[in-house]
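Engineer: Residue numbers (our numbering): 18 to 312. Think of the CB as a built atom: it goes at the ideal place given N, C-alpha and C, for glycine as much as any other residue. Please read these numbers as outputs of a predicted model, since none were measured by experiment.
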Ligand code: GDP
């Protein structure tokens with residue numbers, strides 16, 4: 018995960034090491050390399066500019082330059098600013114209310130949405146929740162089949178309604194069924210497309226308005242970099258997302274989407290996908306992630 022970003026940051030910060038005293042120009046050179054490694058990691062230009070502005074303001078000054086351990090101080094500043102960029106020190110995860118909670122998962126085709134329905138079920142079952150899945154992606158019969166396979170694998174009931182054309186109706190019936198069965202979390206697997214289009218957004222808005230999910234999550238593929246950030250922005254304009262789930266970080270050497278998306282969209286990252294397996298989903302913790310990135 019993020020190997021190229023890690024290596025870039027490590028060698029940038031290394032240039033500051035081993036100097037008894039740092040001059041302002043040493044510091045600025047080192048920070049230039051930090052900036053370069055963020056740009057190479059495909060972090061958005063505005064995000065990098067803001068980030069470097071904050072880091073430079075704190076790092077270039079007598080307090081740091083004359084400190085006994087200036088390099089450690091710079092690493093600390095970069096770490097703190099990374100945590101802020103990722104959403105702050107104590108990003109809350111999901112709070113469940115008593116009774117039925119409805120989660121709606123949206124995302125482009127291939128982002129990992131259906132797999133993530135299974136991964137979320139796994140996490141929720143570990144905390145003793147009673148989960149049900151709803152196959153509301155009526156565009157692709159294969160998606161319904163895939164959800165049934167995942168449900169069977171996990172022992173989670175899957176609601177689907179063969180022949181029904183209206184996803185709102187499928188979701189509404191799933192809600193009734195979930196209430197009857199004392200389910201505590203119902204996860205709606207909605208339709209995806211290869212690209213964002215108006216019909217898809219209209220359908221998702223209709224489900225959002227009529228079914229009133231407690232949490233609307235967007236699943237985005239971290240490996241698609243700035244495209245993931247752009248699609249998160251577009252989905253958030255249409256749906257007011259409660260959170261993002263960023264998948265495929267196990268295959269992402271750069272981390273540009275992860276580092277940009279919170280600042281660009283304002284939507285918190287709630288979970289990250291780190292593999293194809295149904296237990297490869299982690300609640301997102303900015304502090305832990307900043308530590309992982311800095312190695
Ligand atoms: P959907 O079209 O959005 O429902 O996407 P799928 O759930 O079918 O996932 C598309 C592909 O991405 C599948 O091959 C998944 O196994 C894979 N996938 C999903 N999440 C992850 C992840 O976090 N890491 C990796 N490496 N693969 C993932």
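Quick check on the burial criterion: 16 or more other C-beta atoms within 10 angstroms. Buried or exposed for residue 152?
Structural biologist: So residue 152 counts as buried.
Engineer: Can you tell which of 38, 126 and 107 has its C-alpha closest to the C-alpha of residue 157?
Structural biologist: Checking every option, the nearest Cα to that of residue 157 belongs to 126.
Engineer: Distance check for residue 198 and residue 190, CA to CA, integer angstroms please.
Structural biologist: Their backbone Cα atoms lie some 12 Å apart in a straight line.
Engineer: Does ligand 1 have even one heavy atom less than 8 Å from the beta-carbon of residue 51?
Structural biologist: No, the Cβ of residue 51 stays beyond 8 Å of every heavy atom of ligand 1.
Engineer: For the region 129 to 170, list the alpha helix (DSSP H) runs that are entirely contained and at least 4 residues long, ordered along the chain.
Structural biologist: Those alpha helix (DSSP H) runs which fall completely within the region 129 to 170 and span 4+ residues are 130 to 143.
Engineer: How long is the line joining the alpha carbons of residue 253 and residue 46, rounded to whole angstroms?
Structural biologist: Computed Cα separation, rounded: 38 Å.
Engineer: Under 8 Å, with one C-beta from each stretch per pair, do the region 292 to 304 and the region 94 to 110 reach the 3-pair mark?
Structural biologist: Yes, they touch.
Engineer: Would the beta-carbon of residue 270 be found less than 8 Å away from any heavy atom of ligand 1?
Structural biologist: Every heavy atom of ligand 1 is 8 Å or more from the Cβ of residue 270, so no.
Engineer: Out of 31, 21, 83 and 71, point me to the one whose CA is closest to residue 41's CA.
Structural biologist: Cα-wise, what sits closest to residue 41 is 83.
Engineer: Write down every uninterrupted run of the alpha helix (DSSP H) in the region 209 to 282 whose length is 4 residues or greater and which is fully enclosed by it, in chain order.
Structural biologist: The qualifying runs are 215 to 228, 243 to 256 and 273 to 282.
Engineer: Is the beta carbon of residue 25 less than 9 Å from the beta carbon of residue 50?
Structural biologist: Yes.
Engineer: Let me know if residue 38 comes out buried or exposed under the rule of 16 or more other beta-carbons within 10 Å of its beta-carbon.
Structural biologist: Residue 38 comes out exposed.
Engineer: With a 10 Å radius around its C-beta and 16 neighbouring C-beta atoms as the bar for buried, classify residue 230 as buried or exposed.
Structural biologist: So residue 230 counts as buried.
Engineer: Which partner residues of residue 43 appear in the DSSP bridge assignment?
Structural biologist: Answer is none; residue 43 lacks a bridge partner.
Engineer: Let me know the secondary structure DSSP gives residue 299 once reduced to three states.
Structural biologist: Note: residue 299 maps to strand in three-state DSSP.
Engineer: What alpha helix (DSSP H) runs, 4 residues minimum, are completely inside the region 76 to 132?
Structural biologist: If we require 4 residues or more, the alpha helix (DSSP H) runs fully inside the region 76 to 132 come out as 79 to 82 and 87 to 103.
Engineer: Going by the CB atoms, is the gap between residue 298 and residue 286 shorter than 9 Å?
Structural biologist: No; because the gap between Cβ atoms is not below 9 Å, this pair is not in contact.
Engineer: Report the option in 92, 69, 36 and 29 whose CA atom is closest to the CA atom of residue 308.
Structural biologist: Among 92, 69, 36 and 29, the Cα nearest to that of residue 308 is on 92.
Engineer: I'd like to confirm something about residue 293: is its beta-carbon nearer than 8 Å to some heavy atom of ligand 1, or not?
Structural biologist: Checking every heavy atom of ligand 1 against the Cβ of residue 293, one is found closer than 8 Å.
Engineer: Helix, strand or coil for residue 291 per DSSP?
Structural biologist: Looking at residue 291 - three-state DSSP - the assignment turns out to be coil, as it is neither helix nor strand.
Engineer: Looking only at its chain, what residues have a beta carbon closer than 6 Å to the beta carbon of residue 136, apart from the 5 residues adjacent to it on each side?
Structural biologist: Cβ neighbours of residue 136 beyond the five flanking positions: 295 and 298.
Engineer: Verify whether the separation of the beta carbon atoms of residue 233 and residue 278 is less than 9 Å.
Structural biologist: Cβ distance not < 9 Å, so residue 233 and residue 278 don't count as in contact.
Engineer: When the Cα atoms are used, what is the spatial distance from residue 213 to residue 255?
Structural biologist: Their Cα atoms are separated by approximately 11 Å.
Engineer: Going by the beta-carbon positions, is the gap between residue 149 and residue 224 smaller than 9 Å?
Structural biologist: No, the Cβ-Cβ distance between residue 149 and residue 224 is not below 9 Å.
Engineer: To the nearest angstrom, report how far apart residue 209 and residue 27 are at their CA atoms.
Structural biologist: Approximately 38 Å, taken between the alpha carbons.
Engineer: Assign residue 314 to buried or exposed, taking buried as 16 or more other Cβ atoms, counted over all protein chains shown, within 10 Å of its Cβ.
Structural biologist: Absent from the model: residue 314. The displayed extent of the chain is 18 to 312, so no value can be given.
Engineer: Who are residue 203's beta bridge partners in DSSP?
Structural biologist: BP columns for residue 203 point to 119 and 149.
Engineer: Excluding the 5 residues flanking residue 187 on each side, which residues of the same chain have their C-beta closer than 6 Å to its C-beta?
Structural biologist: For residue 187, where only same-chain residues beyond five positions count, the Cβ hits under 6 Å are 153, 178 and 181.
Engineer: Using a Cβ-Cβ cutoff of less than 6 Å, which residues in the same chain neighbour residue 163 once the five nearest sequence positions on both sides are dropped?
Structural biologist: Excluding sequence neighbours, residue 163 sits near 131.
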